[in-house]
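Structure record follows, encoded as structure tokens.
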Amino acid sequence: MEVMNPLIMKYAYNLIAILRRYVFSTYKGLFGFITILVFVLLGLVAPFKAPYDPNAIVASPYTSPSNEFIMGTDYFGRDIFSRLLVGTTYTLLVAALASTIIVFIGLFAGSLSGYFGGLVDEVFMRITDLFMVIPSFFILIILSAYLPPNNYLSAIVLGVLAWPTGARIIRSQVISLKTQLYIEAAKAIGAGDLRIIFRHILPNMLPLVVITFIQDLVYAVHAITTLIFLGLGDIKQPTWGETLYWSFATGALYRGAWWSLLYPSLFIVVFSAGLIMLNESISTTLKRERFGGQT
Amino acid sequence: MRIASKYIARRILNSIIIIFLTLIIAFVIPRLSPGDPVDIMQQTYGLSNEEAEAIRERLGLKGNILEQFITYMSYLLRGDLGRSYSYNMRPVSEVILTALPWSLFLLGVAITIRVLIGVLLGIYFARKQGSLLDTSVSGIMSLILATPYFLLALIFLYVFSVKLNLFPLSHAYTYESIQKGFSIEFIIDVLRHSALPIITLVIIGLPSTFYTMKNNMILLLNEDFVYVLRAVGIRESRVTRIVARNAILPVVTSTAISFGYTVVGAVVAETIFSYPGMGYVLTNALLNKDYPLIQAIFLMLSITIVMANLIADILYAFLDPRVELR
Chain A
2 MEVMNPLIMK
12 YAYNLIAILR
22 RYVFSTYKGL
32 FGFITILVFV
42 LLGLVAPFKA
52 PYDPNAIVAS
62 PYTSPSNEFI
72 MGTDYFGRDI
82 FSRLLVGTTY
92 TLLVAALAST
102 IIVFIGLFAG
112 SLSGYFGGLV
122 DEVFMRITDL
132 FMVIPSFFIL
142 IILSAYLPPN
152 NYLSAIVLGV
162 LAWPTGARII
172 RSQVISLKTQ
182 LYIEAAKAIG
192 AGDLRIIFRH
202 ILPNMLPLVV
212 ITFIQDLVYA
222 VHAITTLIFL
232 GLGDIKQPTW
242 GETLYWSFAT
252 GALYRGAWWS
262 LLYPSLFIVV
272 FSAGLIMLNE
282 SISTTLKRER
292 FGGQT
Chain B
69 MRIASKYIAR
79 RILNSIIIIF
89 LTLIIAFVIP
99 RLSPGDPVDI
109 MQQTYGLSNE
119 EAEAIRERLG
129 LKGNILEQFI
139 TYMSYLLRGD
149 LGRSYSYNMR
159 PVSEVILTAL
169 PWSLFLLGVA
179 ITIRVLIGVL
189 LGIYFARKQG
199 SLLDTSVSGI
209 MSLILATPYF
219 LLALIFLYVF
229 SVKLNLFPLS
239 HAYTYESIQK
249 GFSIEFIIDV
259 LRHSALPIIT
269 LVIIGLPSTF
279 YTMKNNMILL
289 LNEDFVYVLR
299 AVGIRESRVT
309 RIVARNAILP
319 VVTSTAISFG
329 YTVVGAVVAE
339 TIFSYPGMGY
349 VLTNALLNKD
359 YPLIQAIFLM
369 LSITIVMANL
379 IADILYAFLD
389 PRVELR
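Line by line, the protein sequences are chains A and B.
The opening position of the first sequence corresponds to residue 2 in our numbering, with each subsequent residue numbered one higher.
The opening position of the second sequence corresponds to residue 69 in our numbering, with each subsequent residue numbered one higher.
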């Protein structure tokens, strides 16, 4: 039997060890992990395996759920289940894009300002003051009138606007790490600032970064779905918010077409709940490890 | 009472910087879009070239960026916010002034009720930590956090207005039947119309107040002074009251920080419940690309948010004598 690449094996073992320690150790974590896994799998297979073409009109408007259309059809007579599946792919991609941008800028700005202090820090604090007070989503709403409606563009704008909150947390963590003995030791043997930041400080931020990333995912899904629901985002591409927008706009509430509102809502809430439970599991485990024994 | 004047002065300076940055954002945003807004207006409303030029002049979109900024500031300082296209060319300031009271009413009532309930629940469950009820309340709070606000509002609208017919579907009061004024009927009518937006805003903001209060209570209950209070034989109910009074301080800060999000919540609430406040006007303005109105509301709401934060900071200085040390 051929031996697998030892490096890959090592990373795989590490990954499993981390998952067992932080995620599988609590019911919440386990449940959250399974939920997210299911959504990621759905997102991966959706473009190939959706039962109907998401844009094709397959039945009369607002056909109630049946064996043929398990989640019914929307105002235009399109299969809601197929649209939500394809919407899963888009929603996940868009949320991941926004979160990645938030975390990257946040890490960069937060660690620089925390590590160097002085004028860099002063400017950083003033900018973050602004965004702590004025929510990024509010600015995103305003910008929607000036920018073309595009989900990826919304994600990029949200990412560029929403980083300061996470960056503040990272900054304070860097400040507390900076005074640790091992950083001083690294300085004493002549390590440069960049080496200290990348080799010694950033790896210690990993749990914090993961928690921030997951939080941002929830925020991004909610923000972009809300934007679409208000009719200010992309209301053509199938997403969870798009289905809700058309249902509300075409009066599904009064026509008794509950399925066109319930199912997209379930997708949003279950996905967010999975992420939140994952986060709670990680942070309680971290707390328990840090303070020993007590939760 | 000692007043931390240095602290307050720094807070005020900070707020001025933030307001100035918001002014710059409001100035830059319209200039980011490809082509200027007047081009879009020209297509939408079918204006002639001369009309477009006149509007450009009026909106301060002529000349280089510095000249534009000076024009923009001079209009602003005169309190001239332009005219709204979607509201029959009425002055923007007039449109805003009719909408603002409704929003302030929603926000004020919702935040007051939310803080009251959140603090009381926080005090109660800090003492019952780990009980079955506590675990289930935490579960409900997580569920609230997992629900985007508009969805919660939608569910309430469906259940309580469409299905149960308990509350009206939209608007701030019944337009035809009731005379405006301070009659009991009118007040009841207004309360019935505002009930659902307020209840949903309370629910969505509850987790943050609840957790801040509860966690802070738990922290303080483990402090030495609580041990001493109990040791000298002070009744448990009184101990709780003393601890709660100290634990409430971070709630002031967290309410202030989340104020911006509450405003965004109100924007969504007013849109879904067709409540004639700033948020409703804003969504209409955004959908109609009514640029002067959008900019004015952005500025108005931002300044409101900054001011609320400043007031909370100053309040904090009065509530917490230690603040002078910072």
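Beta carbons are placed, not taken as given, at the ideal position from N, Cα and C, and that holds for glycine.
Thr166 of chain A (DSSP reduced to helix, strand or coil): helix
Any chain A beta carbon closer than 8 Å to Tyr140 of chain B: no
Where Leu232 of chain A meets chain B, residues with beta-carbon distance less than 7 Å: In the sequence on display, residue 232 of chain A carries Gly and not Leu. Result: Leu355.
Closer than 8 Å to chain A by CB, Asn377 of chain B: yes
Residue-chain proximity (Leu81 of chain B, chain A), Cβ-Cβ < 8 Å: no
For Thr74 of chain A, three-class secondary structure by DSSP: strand
Extent of the continuous alpha helix (DSSP H) run through Gln363 of chain B: 359 to 387
Opening and closing residue of the alpha helix (DSSP H) in which Gly207 of chain B lies: 200 to 214
Bridge partners - Pro159 of chain B, DSSP secondary structure assignment: B:Arg151
Contacts that Thr226 of chain A makes with chain B (C-beta to C-beta distance below 9 Å): Pro216, Phe218, Leu219
Contact belief for Tyr63 of chain A with Thr74 of chain A at Cβ below 8 Å, rounded distance in angstroms: 6 Å
Supposed contact pair Ser171 of chain B and Met375 of chain B - C-beta distance, whole angstroms, cut 8 Å: Going by Cβ atoms, the distance from Met375 of chain B to Ser171 of chain B rounds to 14 Å, so no, they are not a contact pair.
Contact check, Thr213 of chain A vs Val104 of chain A, beta carbons under 8 Å: yes
Ala315 of chain B and Leu297 of chain B closer than 8 Å at C-beta: no
Beta-carbon proximity of Ile266 of chain B to Leu174 of chain B, cut-off 8 Å: yes
Beta-carbon proximity check, Ala97 of chain A vs Gly160 of chain A, cutoff 8 Å: no
Inter-residue Cα distance where the pair is Val59 of chain A and Arg84 of chain A: 12 Å
Terminal residues of the alpha helix (DSSP H) in which Ser265 of chain A lies: A small correction: the amino acid at residue 265 of chain A is Pro; Ser does not occupy that position in the sequence shown. Pro265 of chain A -> alpha helix (DSSP H) spans 260 to 292.
Proximity below 8 Å, CB of Gly33 of chain A to CB of Leu287 of chain A: no
His223 of chain A: contacting residues in chain B (beta-carbon distance under 7 Å): Pro216
Host alpha helix (DSSP H) of Leu59 of chain B (start-end): Within the shown structure, residues of chain B are numbered from 69 to 394, placing residue 59 of chain B beyond reach of any answer.
Within-8 Å CB hit, Ser83 of chain A to chain B: no
Contact list for Val134 of chain A against chain E, beta-carbon separation under 7 Å: Given the protein chain composition of this structure (A and B), no chain E is represented.
As assigned by DSSP and simplified to three states, the class of Asp130 of chain A: helix
Sequence-distant residues of its chain with Cβ nearer than 7 Å to Gln216 of chain A (five each side left out): Asn280
Nearest neighbour of Phe88 of chain B, chosen from B:Tyr113, B:Asn117, B:Glu125, B:Leu145 [CA to CA]: B:Leu145
DSSP three-state assignment for Asp292 of chain B, whether helix, strand or coil: helix
Chain B residues whose Cβ lies nearer than 7 Å to that of Arg127 of chain A: Ile85
Nearest to Gly88 of chain A (by Cα), restricted to the options A:Ser177, A:Ile128, A:Leu45, A:Arg127: A:Leu45
Where Ile135 of chain A falls: helix, strand or coil (DSSP): coil
With 16 other Cβ atoms within 10 Å as the buried cut-off, status of Val300 of chain B: exposed
Terminal residues of the alpha helix (DSSP H) in which Val211 of chain A lies: 207 to 230
C-beta neighbour in chain B for Leu182 of chain A, strict 8 Å: no
Within 8 Å, strictly: CB atoms of Ser273 of chain A and Val210 of chain A: no
Own chain partners of Leu201 of chain B with C-beta closer than 8 Å, once the 5 adjacent residues on each side are dropped: Phe193
Amino acids of chain A, ordered along the chain, whose beta-carbon sits closer than 7 Å to that of Phe366 of chain B: Ile143
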